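Taken in sequence, the protein lines are chains A and B. Going by this note's numbering, the first sequence opens with residue 300, and the numbers climb by one from there. Going by this note's numbering, the second sequence opens with residue 5, and the numbers climb by one from there. Glycine included, every Cβ here is placed at the ideal spot set by N, Cα and C. None of the values given here were measured: they were computed from a predicted structure. Read through the structure below, which is laid out as structure tokens, and then see the notes.
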Amino acid sequence: MPQPDAPSDPIRSEFADDPDMAELIEMFLDEMPARVDALGECLREERLTELQTIAHQLKGAGAGYGFEPVSISAASLEGSLKAHSDLERIRADVDDLISICRRLSR
Amino acid sequence: MERIDDQPTVLLIDDSPEILRLLEVRLRNEDFALVTAQAAVDGLRIARERRPALILLDLDMPVMDGFEALRHLKEDPRTVSIPVIVISGSDDTDDKVAGFDLGAIDYVCKPFNMPELRARVRSALKIHELMRMLEQRAQIDGLTGLWNRAYFDERLVEEIAHHQRHGRPFSLVLADLDHFKSLNDTHGHPAGDAVLQGFARLLESSVRAQDVACRYGGEEFVILLRDTKAEQARALVERVRAGLEALRWPRHPERRVTGSFGICDAPAGDAGSPAAWLQSADDALYQAKRAGRNRVVIFDPAATNDAADTQPAPVRKAG
Chain A
300 MPQPDAPSDP IRSEFADDPD MAELIEMFLD EMPARVDALG ECLREERLTE LQTIAHQLKG
360 AGAGYGFEPV SISAASLEGS LKAHSDLERI RADVDDLISI CRRLSR
Chain B
5 MERIDDQPTV LLIDDSPEIL RLLEVRLRNE DFALVTAQAA VDGLRIARER RPALILLDLD
65 MPVMDGFEAL RHLKEDPRTV SIPVIVISGS DDTDDKVAGF DLGAIDYVCK PFNMPELRAR
125 VRSALKIHEL MRMLEQRAQI DGLTGLWNRA YFDERLVEEI AHHQRHGRPF SLVLADLDHF
185 KSLNDTHGHP AGDAVLQGFA RLLESSVRAQ DVACRYGGEE FVILLRDTKA EQARALVERV
245 RAGLEALRWP RHPERRVTGS FGICDAPAGD AGSPAAWLQS ADDALYQAKR AGRNRVVIFD
305 PAATNDAADT QPAPVRKAG
């Protein structure tokens, strides 16, 4: 379902033109829907440790695959979780990260 | 010992499977084998077992972070000399300083600039290789290419410990070129050097792979023959003695060179002491000199006691 306030421009990898990276970006994107599901699920079930692990991995990997917005957003979520912020704040961070992940494109 | 025909191994420790996969692909055309670990404890184990030439270490990892892993690496004698490049998502100066203070040789920020990372890895591997060569060179005698005294002293301590623990025999051989000073005086130092080098080549081709031949200083050489009792050692040393006597020297074809040899497989005194072994082999060498040189003598405690009463002078003066 389209979200009215979500920017919908696709985010392309900075390395999209690098033939070496094509296959890697492909794999990264293939795994993205499962990642997004896991983010939502962890939040709903308040499995915050697991949520933090996923955020940490996306922070490290995102920019490596040429998707810097993923790293920035994931870092914000990881920071909130580390600081034991309230659930509202965490929810907002997760939503932001999910919306960015959904815009990723090859 | 590293096998020289092998590619160097680079160990990558990072908790993110995406980063592992990314670097596996991005570094696959480089001239090394990449092994990966997704947790610091696994990385430490692999480092101990495989002794990689280089470690790429992520800082920000759950359970054990990169700083702690680095501390472990630098505290363990098996891993302390392995260079570590920190790879980190943090551009923070404090993190960089902490990494270097803990012993990292380099610090690379994520996301990677791949040409830069590859260049830094190549540079670190080159430095590691040079260090290894230097280390080895510090154990080798520059003139003859044999092991030097410092290396031999270490090996002798090890061999004595092995001998005492497992009861395995070994023989210690001291060799001294006869009338070497006179040869130097008559024909000059280049001629003397040529003789030292020629004798070293003869020694090298005569000993087996498990033995250790060393230039102990001046015209004195020492050989450690593993798993060998004195009588067996005599056969090998006798071949060396005869081989030396048969050599012709371009700088002085009219003058043969001979050597005297002392063998010991059970020293007088404390068998756990390297000094006792060397002294006993030296005593046998002295007997060889006194009996007319150009011969091989096995250490005999009874004979040496007599000699010590009448002639306490050190053998090095015997020439």
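Taking CB distances under 8 Å as the criterion, tell me whether residue i reaches chain B.
i	result
Gly363 (chain A)	yes
Leu323 (chain A)	yes
Met300 (chain A)	The pLDDT assigned to Met300 (chain A) is 47, lower than 50, so where the model puts this residue is not dependable; a value taken from the coordinates is nonetheless given after this. No, no contact with chain B.
Lys381 (chain A)	no
Ala360 (chain A)	yes
Asp319 (chain A)	yes
Measuring alpha carbon to alpha carbon, tell me which residue in the options is nearest residue i.
i	options	result
Arg172 (chain B)	B:Pro278, B:Ala270 and B:Gln11	B:Ala270
Leu178 (chain B)	B:Ser210, B:Phe225 and B:Glu163	B:Phe225
Val125 (chain B)	B:Tyr111, B:Met137 and B:Leu138	B:Tyr111
His166 (chain B)	B:Ser277, B:Val211 and B:Pro257	B:Ser277
Glu72 (chain B)	B:Asp99, B:Leu282, B:Arg54 and B:Glu53	B:Asp99
Val2 (chain B)	B:Gly149, B:Leu150, B:Leu147 and B:Leu176	What the structure shows of chain B is the stretch from 5 to 323, and residue 2 (chain B) is not part of that stretch, so it cannot be assessed.
Asp69 (chain B)	A:His355, A:Asp308 and A:Leu350	A:His355
Glu249 (chain B)	B:Gly202, B:Val261 and B:Leu240	B:Val261
Gln168 (chain B)	B:Asp231, B:Gln236, B:Ala102 and B:Ser92	B:Asp231
Gly93 (chain B)	A:Asp392, A:Ser384, A:Ala391 and A:Ala360	A:Ala360
Might you give, ordered along the chain, the residues of its own chain that have their beta carbon closer than 8 Å to the beta carbon of residue i, omitting 5 neighbours on each side?
i	result
Pro56 (chain B)	Pro12, Thr13, Val14, Leu15, Val39, Ile50 and Ile86
Arg4 (chain B)	Residue 4 (chain B) is absent from the structure shown; chain B starts at 5 and stops at 323.
Ile89 (chain B)	Leu58, Ile59, Leu60, Leu61, Ala108, Ile109, Asp110, Tyr111, Val112, Arg124, Val125 and Ala128
Tyr364 (chain A)	Ser312, Phe314, Met320, Leu323, Ile324 and Phe327
Leu380 (chain B)	Missing from the structure shown is residue 380 (chain B); chain B here goes from 5 to 323 and no further.
With burial defined as no fewer than 16 other Cβ atoms inside 10 Å of the residue's Cβ, what is the status of residue i: buried or exposed?
i	result
Val45 (chain B)	exposed
Lys358 (chain A)	buried
Gln302 (chain A)	Residue placement at Gln302 (chain A) is poorly supported in this model, since its pLDDT is 48, which falls under 50; the coordinates still yield a value, given next. When all chains shown are included, Gln302 (chain A) counts as exposed.
Pro318 (chain B)	Note that Pro318 (chain B) has pLDDT 49, beneath the 50 cutoff, so the model's placement of it is unreliable and the number below is only indicative. Pro318 (chain B) comes out exposed.
Pro115 (chain B)	buried
Arg243 (chain B)	exposed
Thr348 (chain A)	exposed
Ala275 (chain B)	exposed
Comparing the C-beta of residue i with each C-beta of chain A, is any distance below 8 Å?
i	result
Arg122 (chain B)	no
Ile4 (chain B)	Here chain B has residues from 5 to 323 only, and residue 4 (chain B) is not among them.
Ser20 (chain B)	yes
Phe349 (chain B)	Since the first and last residues shown for chain B are 5 and 323, residue 349 (chain B) lies out of range.
Asp9 (chain B)	Per-residue confidence for Asp9 (chain B) stands at a pLDDT of 46, beneath the threshold of 50, marking its modelled position as unreliable; the derived number appears in the next sentence. With 8 Å as the cut-off, Asp9 (chain B) does not count as an interface residue toward chain A.
Phe116 (chain B)	yes
Pro66 (chain B)	yes
Gly93 (chain B)	yes
Val29 (chain B)	yes
Leu26 (chain B)	yes
Ile23 (chain B)	yes
If contacts are defined as beta-carbon pairs under 8 Å, then residue i and residue j qualify, I think. What distance do you get, rounded to the angstrom?
i	j	result
Ala234 (chain B)	Ile302 (chain B)	5 Å
Ser398 (chain A)	Arg388 (chain A)	Ser398 (chain A) to Arg388 (chain A), Cβ: 16 Å. No contact.
Gln351 (chain A)	Glu330 (chain A)	So it is not a contact: roughly 19 Å between Cβ atoms.
To which residues of the same chain is residue i closer than 7 Å at the C-beta, ignoring the five residues directly before and after it?
i	result
Met118 (chain B)	Arg30
Leu24 (chain B)	Leu16, Asp18, Thr40 and Gln42
Val241 (chain B)	Val177, Phe265, Ile267 and Val300
Chain C partners of residue i, CB-CB under 9 Å?
i	result
Gly47 (chain B)	Absent from the structure: chain C. Protein chains present are A and B.
Residue i: beta carbon under 7 Å from a heavy atom of the ligand SAM?
i	result
Ala292 (chain B)	Absence of the ligand SAM is noted for the structure shown, with no ligands found whatsoever.
Taking 6 Å as the limit between beta carbons, can you name the residues of its chain near residue i, skipping five residues before and five after?
i	result
Arg219 (chain B)	Asp145, Thr148, Leu150 and Phe225
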